[in-house]
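Enquirer:
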Amino acid sequence: MANLVERISDAFQIDYGSFSIVDVDGLSRSPATLDPEKLFSLTDEEEIWFAATANMAIARSRAGYHHNARITLELWEAEPPTEEEGGVDRCTVELFSGSGKLRPTNSVGESGPLLDLRASGASWLVRGHRIAKADPFADVEDFDEDDDDDLVLIMEGLEEFLFQFWPVNAREA
Numbered sequence: 007m008a009n010l011v012e013r014i015s016d017a018f019q020i021d022y023g024s025f026s027i028v029d030v031d032g033l034s035r036s037p038a039t040l041d042p043e044k045l046f047s048l049t050d051e052e053e054i055w056f057a058a059t060a061n062m063a064i065a066r067s068r069a070g071y072h073h074n075a076r077i078t079l080e081l082w083e084a085e086p087p088t089e090e091e092g093g094v095d096r097c098t099v100e101l102f103s104g105s106g107k108l109r110p111t112n113s114v115g116e117s118g119p120l121l122d123l124r125a126s127g128a129s130w131l132v133r134g135h136r137i138a139k140a141d142p143f144a145d146v147e148d149f150d151e152d153d154d155d156d157l158v159l160i161m162e163g164l165e166e167f168l169f170q171f172w173p174v175n176a177r178e179a
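Read left to right, the sequence shown gives residues 7 to 179 (the working numbering).
Shown next as structure tokens:
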């Protein structure tokens, strides 16, 4: 059975419907690495919501353009168990990390919690979970997003993200 090594979690502001998980060394200069615009173009809000290249992954939100979501990053010794849950989209990608240190970053440069993978220059499998939450405005009659100047402050808890990292060459215990 795989063991959880570390778990970090925090609220994070998602801007323009997406965010990145970026190596602290920045983008890779390898010719095989996709630039951020190309990587983003490979994603959508439905089927391919999570994609990666060296030192960077992009995740797309389904819950809206600007909102706050809880983002959790986990480091595992080997592939973690998967539990079937309703309202959860899953996607597994391979990500090379040059420094071995990653953090979520939004389009305005704000960063979330730092995950230390404890190994530099290594490839990781990353299982992303996009977890839908109840719509807080479902019971509000005549709600119009354009009428609320403080919408970013209100839009919380629409979804959560969980990213589980384990070494590509890890074996099941």
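All C-beta atoms in this analysis are idealised placements derived from N, C-alpha and C, irrespective of residue type, glycine included.
Give me the residue from 175, 57, 9 and 15 with the minimum Cα distance to residue 74.
Expert: For the purposes of this step, residue 74 is taken as the residue at position 68 of the sequence shown. Ranking the options by Cα distance to residue 74, first place goes to 15.
Enquirer: Judging by CA-CA distance, which residue of 81, 175, 71 and 19 is the nearest neighbour of residue 134?
Expert: Position 128 of the sequence shown, counted from the start, is the residue given in the question as residue 134. Comparing Cα-Cα distances from residue 134 to each of 81, 175, 71 and 19, the minimum goes to 81.
Enquirer: Using three-state DSSP, classify residue 107 as helix, strand or coil.
Expert: Your numbering for residue 107 matches position 101 in the sequence shown. Here residue 107 sits in strand by DSSP.
Enquirer: For residue 120, which residues of its own chain have a beta-carbon under 8 Å away from its beta-carbon, when the five flanking residues on both sides are left out?
Expert: As a working mapping, residue 120 is identified with position 114 in the sequence shown. If we look at residue 120 and ignore the five residues flanking it on each side, its Cβ neighbours are 14, 30, 107, 108 and 109.
Enquirer: Quick check: the stretch 54 to 70 against the stretch 83 to 94, are there 3 or more CB pairs under 8 Å?
Expert: No contact exists between the stretch 54 to 70 and the stretch 83 to 94.
Enquirer: Rounded to whole angstroms, what is the Cα-Cα separation between residue 127 and residue 76?
Expert: Position 121 of the sequence shown, counted from the start, is the residue given in the question as residue 127. Position 70 of the sequence shown, counted from the start, is the residue given in the question as residue 76. Approximately 28 Å, taken between the alpha carbons.
Enquirer: Where does residue 85 fall in DSSP's three states?
Expert: By 1-based counting over the sequence shown, the position of residue 85 is 79. Of the three classes helix, strand and coil, the one that applies to residue 85 here is coil, per DSSP.
Enquirer: With the cut-off set at 9 Å, would you say residue 59 and residue 24 are in Cβ contact?
Expert: If you number the sequence shown from 1, residue 59 lands on position 53. If you number the sequence shown from 1, residue 24 lands on position 18. Taking 9 Å as the Cβ cut-off, residue 59 and residue 24 do not qualify as a contacting pair.
Enquirer: For my contact list, residue 26 and residue 111 are in at a C-beta cut-off of 8 Å; report their separation, rounded to the angstrom.
Expert: Walking along the sequence shown from the start, residue 26 turns up at place 20. Walking along the sequence shown from the start, residue 111 turns up at place 105. Indeed, because the Cβ distance is near 5 Å, the residues count as touching under 8 Å.
Enquirer: Can you tell me whether DSSP reads residue 166 as helix, strand or coil?
Expert: One-based indexing of the sequence shown puts residue 166 at position 160. Of the three classes helix, strand and coil, the one that applies to residue 166 here is strand, per DSSP.
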